[in-house]
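> Numbers 1 to 120, taken from full-length UniProt numbering, label the letters of the sequence shown in order.
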Amino acid sequence: MSQWMNIDYGFKEELMRTRERVEELFYFEGAKIGRGTYGLVYKATPKVQSKKYPAKEYALKMIEGQGFSMSACREIALFRELKHQNLICLQRVFLTSEKKVWLLLDYAEHDLWHVIKHHR
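(1) Closest to residue 46 by CA distance: which of 105, 99, 84, 40 is it?
(2) Would you call the segment 52–68 and the segment 78–87 touching, i.e. three or more CB-CB distances under 8 Å?
(3) Does the beta-carbon distance from residue 95 to residue 79 come in below 7 Å?
(4) What residue range does the beta strand (DSSP E) around residue 94 cover?
(5) Could you give the DSSP three-state label for residue 188: helix, strand or coil?
(6) Please list the terminal residues of the continuous beta strand (DSSP E) segment that includes residue 35.
(7) Using the three-state DSSP reduction, which class does residue 44 fall into: helix, strand or coil?
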């Protein structure tokens, strides 16, 4: 048997049990605000205010498709590196057991493309 076949099922079960779920932390149902290159974007608010998630509006982006594309990886890597007061920040990445990826971002009323297009 290959070394790659050894799966620590205890670790996997513990991870599944302790994993925070987007649906349990945020209200976002019916709040679709747009569609990005890789998926849908929702306006979200925390169900419970905490230091980790203060009471403010967030954008939740669900990356669609099977697997994890290189483009999505690049987008996440760029969000993690870019830190500036005039840019939205990536707060967290959620991976679900259904193989969905959710990005929790700061919410902005408009995106840069629309601002540039309408203010020429």
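We put the CB at the ideal spot given by N, CA and C, even for glycine.
For clarity, every value in this text was computed on a predicted model and none was experimentally measured.
Taking the definition as stated:
(1) Translated into the one-based positions of the sequence shown, residue 46 becomes position 46. Nearest of 105, 99, 84, 40 to residue 46, Cα basis: 105.
(2) Between the segment 52–68 and the segment 78–87 there are fewer than three C-beta pairs closer than 8 Å, too few to call the two in contact.
(3) Indexing the sequence shown from 1 puts residue 95 at position 95. Indexing the sequence shown from 1 puts residue 79 at position 79. No; because the gap between Cβ atoms is not below 7 Å, this pair is not in contact.
(4) Within the sequence shown, numbered from 1, the residue matching residue 94 stands at position 94. First-last of the beta strand (DSSP E) with residue 94: 90–95.
(5) The requested residue 188 does not occur in the structure, where the chain is confined to residues 1 to 120.
(6) Here residue 35 is taken as the residue at index 35 of the sequence shown, counted from 1. Element bounds for residue 35: 32–35.
(7) Start at 1 with the first residue of the sequence shown, and residue 44 comes out as number 44. In the structure shown, residue 44 sits in a strand (DSSP, three-state: E or B).
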